[in-house]
Ligand SMILES: Nc1ncnc2c1ncn2[C@@H]1O[C@H](COP(=O)(O)OP(=O)(O)O)[C@@H](O)[C@H]1O
Ligand SMILES: [Mg+2]
């Protein structure tokens, strides 16, 4: 795994304002396309924004969106379906590792978090169709076809770039100050 | 508490802290084994310990629903916190899961 991190994060309560004011912070992660890295990836991105004092809801939104994009890279891009055989039956994990890396790049700028998740896997033939809710090419793995719908619902912006045989890049962004006061009312 | 437990006519599935694709195969396979062995009608998903779920969880619920719906089985979700409820609602699956 390689980790690159940009300008060091400042700490303290005023960071939300600091990030709003146009401070820039960037990080990059690159890891094997295996399912045990799904939780690592979403926690890493959540930790990257933690100095902005995000609300629990913002954190949950980001984690869900990252989890969806990373899972897609692993199971659709590289077809590494941990635990599943060809017909959806359980099989040992060590049989399923295909080489391939998932890359995540995050940029915090002007109070907006930009996340880019990319793979060099098999790519998507029809992006519009893939993004339709409930559409899945892997019903035998019990995929619900809700991945892109969740990314859209939980982030402010979603963009998918893909080329069959070359890979897929998902770009998402989210403004980081929306729910700041809503949550504290509860 | 057991992960899979039979209470009356229900299979109780106690979900882990994080429900994602990495955990999904194990949960689905375990639930199906119990459904086959015990011939119960309904499935109850217990979210007591669950702090995170993505669309893989929707797949688990939909998959079990398909297996029991034709025998009049119903699917319930209990102890779902605000975040889990949001996921269930946005996915539209709250039409088939009864959130109690
Ligand atoms: N990184 C990717 N590489 C190749 N295909 C992808 C990728 N991400 C998504 N897809 C395609 O888009 C479809 C829809 O994705 P999604 O909405 O996440 O649903 P699901 O993962 O449940 O199938 C997938 O079934 C797959 O065919
Ligand atoms: Mg998906």
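Residue numbers (our numbering), protein chains in the order written: chain A, 1 to 186; chain B, 1 to 100.
Just so it is clear, CB atoms sit at the ideal spot from N, CA and C, and this is done for glycine as well.
Spatial distance of residue i from residue j (CA atoms)
i: residue 9(A); j: residue 59(A); result: Residue placement at residue 9(A) cannot be trusted, given a pLDDT of 41 that sits under 50; the coordinates are not used to answer.
i: residue 51(A); j: residue 75(B); result: 40 Å
i: residue 39(A); j: residue 115(A); result: 16 Å
i: residue 60(B); j: residue 80(A); result: 19 Å
i: residue 16(B); j: residue 49(B); result: 6 Å
i: residue 173(A); j: residue 81(B); result: 25 Å
i: residue 155(A); j: residue 29(B); result: 32 Å
i: residue 57(A); j: residue 83(B); result: 7 Å
i: residue 112(A); j: residue 98(B); result: 37 Å
Same chain, Cβ closer than 7 Å to residue i, neighbours up to 5 away in sequence not counted
i: residue 40(B); result: 6, 9, 10, 11
i: residue 127(A); result: 160, 162
i: residue 72(B); result: 41
i: residue 65(B); result: 75, 96
Same chain, Cβ closer than 6 Å to residue i, five either side skipped, listed in chain order
i: residue 143(A); result: 136
i: residue 72(A); result: 147
i: residue 166(A); result: 123
Below-8 Å beta-carbon distance, residue i vs any chain A residue
i: residue 24(B); result: yes
i: residue 20(B); result: yes
i: residue 73(B); result: no
i: residue 47(B); result: no
i: residue 62(B); result: yes
i: residue 94(B); result: no
i: residue 97(B); result: no
i: residue 83(B); result: yes
8 Å Cβ cutoff, residue i in contact with chain B
i: residue 50(A); result: no
i: residue 122(A); result: no
i: residue 169(A); result: no
i: residue 146(A); result: yes
i: residue 46(A); result: no
i: residue 181(A); result: Note that residue 181(A) has pLDDT 49, beneath the 50 cutoff, so the model's placement of it is unreliable and no number is given.
i: residue 62(A); result: no
i: residue 71(A); result: yes
Beta-carbon proximity of residue i to residue j, cut-off 8 Å
i: residue 47(B); j: residue 77(B); result: yes
i: residue 32(B); j: residue 67(B); result: yes
i: residue 90(B); j: residue 46(A); result: no
Sequence-distant residues of its chain with Cβ nearer than 8 Å to residue i (five each side left out)
i: residue 100(B); result: 76, 77, 78
i: residue 101(A); result: 30, 31, 32, 33, 119, 120
Next item on the list: Could you tell me which uninterrupted alpha helix (DSSP H) segments, each at least 4 residues in length, are contained entirely in the region 45 to 76 of chain A, listed from first to last along the chain?
Entry: You should have 56 to 72.
Checklist line | Contained beta strand (DSSP E) runs [length at least 3] in the region 85 to 166 of chain A, N- to C-terminal order | finding: Listed in chain order, the complete beta strand (DSSP E) runs (minimum 3 residues) inside the region 85 to 166 of chain A are 101 to 109, 112 to 119, 157 to 163.
Next item on the list: Ignoring anything shorter than 3 residues or poking outside the region 33 to 72 of chain B, list the beta strand (DSSP E) runs there in chain order.
Entry: Every beta strand (DSSP E) stretch that sits fully inside the region 33 to 72 of chain B and reaches 3 residues is listed by chain position as 42 to 46.
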